[in-house]
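Position one of the sequence shown corresponds to residue 68 (our numbering), numbered consecutively onward.
Glycine included, each C-beta is placed from N, C-alpha and C at the ideal position.
These figures come from a predicted structure and were not determined experimentally.
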Amino acid sequence: MRFKLQTDYALRALVYMAAKQGENCTTDEIAGYFQISAAHLGRVIRRLQNHGYVKAIRGRRGGVRLDRDPESVNLGEVVEVLEEGAQPLDPPTGEPGNGVDDALRLKAVLRRAHGLFVNYLNKVTLAELVAEGLPEPQPAQQPSEESAPAEPQPTVAAEPEVASSPEKTPEPVGAPSAAPGYGRPGSPTYGGY
């Protein structure tokens, strides 16, 4: 399942605010951390505010902050609110026997997979993600990249260099990060969002 860009931004912002533990954050601060559009993030944060996840504080030292306990916010709930009941497939049309039966079976399988996916997200809270650390700052996928399939990148194992001093040898290209954490390859929560 691919999330809408607003859901991606919302999840990033919620994790960031949860990590700040009640401190006021500005939209520009969050957008700058993740290198995403502050204008789009502002609209997403207003939507989160309308659903009771975020509180806006006015004034010179104002900003936004998480308005709920991170332990009580699960990802499935946030995704369902922002994705507005997205379904994996549109209903098939046509005469029975002309491929419609196969499409109905496929739809049932994909709905079940979608349900399992959402059930898993319902078990993951913001508090768990924050315990693993803030996600690495990286730009969000641009809409044009979403429609194009990713090109497979060849993995080339590098020969370790022989060092004359007892320095650490570099990791081979494509090796997973040594420090597991939220948003990093090798992490149980890595989803690439």
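- The beta carbon of Ala106 is closer than 8 Å to none in its chain, skipping five residues each way along the sequence.
- Rounded to whole angstroms, the gap between the alpha carbons of Gly130 and Ala175 is 44 Å.
- Across the structure, Glu147 and Ala98 are spaced so that their CA atoms are roughly 23 Å apart.
- In this structure, the CA atom of Lys190 is about 30 Å from the CA atom of Asp95.
- In the assembly as shown, Leu81 is a buried residue. Its beta-carbon has 16 or more other beta-carbons within 10 Å.
- Counted as a single uninterrupted DSSP element, the beta strand (DSSP E) harbouring Ile124 occupies residues 121–124.
- Less than 8 Å divides the Cβ of Ala77 from the Cβ of Leu149.
- Under the three-state reduction of DSSP output, Val131 falls in the strand class.
- For Thr93, the three-state secondary structure derived from DSSP is coil.
- From the listed residues Phe184, Tyr83, Thr93, the smallest Cα separation to Gly143 is found for Phe184.
- By the C-beta density criterion, Asp136 is exposed, having fewer than 16 other C-beta atoms within 10 angstroms.
- Between the alpha carbons of Gln102 and Val145 lies a gap of roughly 22 Å.
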